[in-house]
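For what it's worth, the working numbering labels the leading residue of the sequence shown as -10, then goes sequentially.
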Amino acid sequence: MSAPAVSIDPTPPIPVPAPTPDGATDRAPRRRLWRRWRIPIVWAIGLSFTGLTLASLALGLGIALSGSGRIAHTLVAERVNGMLSELDHRMRGHLQPVGRYLTLLQTQVARGHLDLDDRAAVTRAITDVLAETPQVLGIGYVRPDLTIDRFPAGKPPIYGDDWSQRPGIKAMVAVARATRVADWWRRPHWSTMANLPLVGFDAPLWQGDRFRGVFAAVVTTIALSEPLVGLGAETGHTPFILIGWDRVLAHPSFVTEPPAVSRERPLPRIDEVGDPVLASLHSRRWPLPPAIRDAFDGEAFVVRDPDDRAFAVMVRHFVGGRPASLPILIGLHTDHSEVFGELVTLRTIALVCLGILVVSVALSLAIGRLASRPIIRLAAAAAEVEARHFEDVRPLPPSPIREFDIAATAFNAMVKGVRERQRLRDLFGRYVSPEVVERALKDAGLLRLGGERRAVSLVFSDIAGFTALSEAHPPEEVVRLLNAYLEQVCRIIADERGIVVDFIGDAVFAMFGAPIAADDHPARAFAAARRIDAFALAFAADAQARDLPFGITRLGVHSGVAMVGNFGSERRIKYGAAGDVVNTAARLEAANRRFGTRLLVSQGTVTGAGLVGQVRPLARLAFKGKSQPVEVFEPLTPAEVAAPWFALYLDAYRRLDHDPEGARAMLAALAAERPEDPVLRFHLARLAMRPVSSVVVLDEK
């Protein structure tokens, strides 16, 4: 059997249409519209630089505003500090006389100038103090035995009350005795007589080491609130005094509308004085910028009342006395714009600058997108072309930028030409392997005549009785059956990285190791042959079940050195292999008929694929025209190799050349055990002839 061949006419290259100057396509009207408005890329770059310049100007303005903002923040902090200092000064001016006169009385007692046992003298001294401090509701002299002489302002004195059962009085005297320190801000307590909460100012009385009691002055929360009314009227702000952050000690509203308080709760909460700003102090508060907070001696923040109006609230600890026992906070709130008007102006300017910056950036981004989108589309389309997904490449749309529009027109024309060449390649690839096509695309020299010596493995297959099947059944049915068979055979060959060199009717000629070199080509060729054999058996059984006499597939596998490359003429060429290795592989396929086998492999394939021990020798075939015989083998399954009969067969095969009679006896015994084995019958038939050896001469080609 000679090496099969097939020829393919080369197709002249398809010319790629050059793009027309105006990009004429089926979208010609739209293209002409774009052509009127296309922008040169220089303009696009100029506009981009304009946007960047605007952004730079906005950034510079922002830096300038930042410096102005720091100055404005400092001024705001100084203003806030000034407001609270004025409030602190007013409160000290209101309360310091009380402390000063109590200290004077305390000093007179300590020096012995005021005799506490002289009731008339004590009464005159305290009456004089009350005359100078109208804000004081009354002063009491509490003796160590907890009896008290009370001197209410504008009323007669009350002498000798026993207050020993009052816990507050006990605690006050105990603190005075233990510390000797005046407590100008004793915690507010309820006055049953005044029906108001009072704040106490206590001065311990000592004569040497003798504790003589305490002078205690009390001031109502209304009296504390009176200075706040005047300050609020002068400044337009609302001052207040808190104990902690939850209770109100003084507020301008207390003067006109005293709060609803009681013995159990002498001070109202911040949400009970009718001040919506204080009521929102904890729920709707935002901090001021850090620059103000750092420069302000206290806490400042923005509060929104229920009507969503913004107020600036400034609070700090009261420094006009000794807050020995109470966390007294003085503060005020005012309309946000009154204090932070400069900041609002700066913020407005900053927002305008930010708007300019945003517009500049948006303009730059828009122009950049206008310039980048065609490039991105071109890159994506080029990636599709590189991946050879030509049908997925969408035509590039026209661009308002002239240069991009010209490039899109040229690229679309190129893709159209490439699609035509791809269709030609797909058609060409149906006749030769995809590997050959790929290599031809990468190496134009592959399409020139000539070849190279290459170690390859070849597989030939043929279907027994296919001619009779073709004659007995309609051609359409036979073609469908054959195409289904060849489809799977070709897939198996491709899976093992082989190529189909030729089809001759139902015969297939495949090659492994070329055009892409592979060191394991014998193993791949043998694996493909075994898979084709298994598939062909199942395919034939299925066809026979449908009353289609599809015969067995005979396969021959041989490995050796062949000339591989392009053969033919300048006008008709084919990629294939030539040489003795091709003829040997074809004859191995045909030799299956002599042995009754389906698959024969040569010694070269057995050695190259590492199949020693997995095959049984059949004979040394002497082909007509060849001086050296080729030893051929039949692959066996692992179970067959491990079976006892396989060792007996090898022994009998070795006796064919020097002990024919011994070989005959052993083969006869095996044939009786394995009557279905055609190889045993083949050897027994030859042993009936004289002389006999392991060499089988094949005269036919």
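Positions of the beta carbon are idealized from the N, C-alpha and C atoms, including for glycine.
Proximity to residue i [Cα-Cα], best of the options
i: R643; options: K615, V684 and A628; result: V684
i: D491; options: P123, A499 and G540; result: A499
i: G602; options: A205, F622, H78 and A160; result: F622
i: V515; options: T209, G82, T456 and S450; result: Correcting the residue identity first, residue 515 is Phe in this sequence and not Val. Answer by Cα proximity: S450.
i: D666; options: Y638, N401 and A677; result: Y638
i: D134; options: I147, R113, G127 and A163; result: A163
i: I319; options: F300, G287 and H83; result: G287
i: L645; options: A632, A631 and M678; result: M678
i: G219; options: R469, A371, G82 and V382; result: G82
i: Q592; options: A579, L610, I541 and N581; result: L610
i: G157; options: V590, M403, R252 and D297; result: R252
i: V686; options: P618, L607, I137 and A530; result: P618
i: T594; options: R513, I230 and A453; result: R513
i: K159; options: G202, H240, D198 and I541; result: G202
i: A654; options: R442, A641, I488 and G454; result: A641
i: D324; options: A301, R305, S153 and I317; result: A301
i: A399; options: E373, P389 and L367; result: L367
i: A299; options: H306, F307 and R273; result: R273
Cβ-Cβ distance between residue i and residue j below 8 Å
i: P186; j: W195; result: no
i: L625; j: R587; result: no
i: F204; j: A192; result: yes
i: R139; j: D150; result: yes
i: A525; j: V448; result: no
i: A574; j: M552; result: no
i: T227; j: M72; result: no
i: V131; j: A142; result: no
i: V170; j: V188; result: no
i: F501; j: F584; result: no
i: T260; j: S242; result: Per the sequence shown, residue 260 should be read as Asp rather than Thr. No, these two residues do not count as a Cβ contact at 8 Å.
i: V570; j: V546; result: no
i: R166; j: F200; result: yes
i: R236; j: L256; result: yes
i: V497; j: V478; result: yes
i: P384; j: N401; result: yes
i: L105; j: A114; result: no
i: D294; j: S269; result: yes
i: F539; j: L600; result: no
i: V291; j: L277; result: yes
i: L321; j: L76; result: yes
i: G129; j: I137; result: yes
i: P511; j: G597; result: yes
Where the alpha helix (DSSP H) containing residue i begins and where it ends
i: H322; result: First-last for H322: I317 to D324, but that is the beta strand (DSSP E), not the alpha helix (DSSP H).
i: T456; result: F455 to A461
i: P276; result: Here P276 belongs to no alpha helix (DSSP H); instead the beta strand (DSSP E) covers R274 to P276.
i: F243; result: S242 to T245
i: L119; result: R108 to E121
i: E629; result: P627 to A631
i: A657; result: P649 to E662
i: E466; result: P464 to D484
i: I259; result: Premise fails: I259 is in no alpha helix (DSSP H) and is neither H nor E.
i: G157; result: P156 to T168
Per DSSP, the bridge partner or partners of residue i
i: I128; result: F140 and A206
i: F449; result: F498 and G545
i: D491; result: F498
i: H178; result: L187
i: L687; result: F612
i: E441; result: V553
i: R391; result: BP columns for R391 are empty, so no partner.
i: F200; result: W195
Near the ligand GTP: residue i beta-carbon under 7 Å from a heavy atom
i: D381; result: This structure simply doesn't include the ligand GTP, nor any ligand for that matter.
Beta strand (DSSP E) segment containing residue i, residue limits
i: W195; result: L185 to Q196
i: M678; result: It is not in any beta strand (DSSP E) - M678 carries neither H nor E in the DSSP assignment.
i: D151; result: I147 to D151
i: T227; result: T227 to I232
i: P692; result: The structure shown does not extend to residue 692, since the chain is modelled only from -10 to 690, so the question has no answer here.
i: A239; result: R236 to A239
i: R305; result: A299 to H306
i: R293; result: E288 to R293
i: P624; result: V619 to P624
*Ignoring anything shorter than 3 residues or poking outside the segment 548 to 598, list the beta strand (DSSP E) runs there in chain order.*
Runs of the beta strand (DSSP E) inside the segment 548 to 598: 562 to 567 and 588 to 591.
*Write down every uninterrupted run of the beta strand (DSSP E) in the segment 495 to 549 whose length is 3 residues or greater and which is fully enclosed by it, in chain order.*
496 to 501
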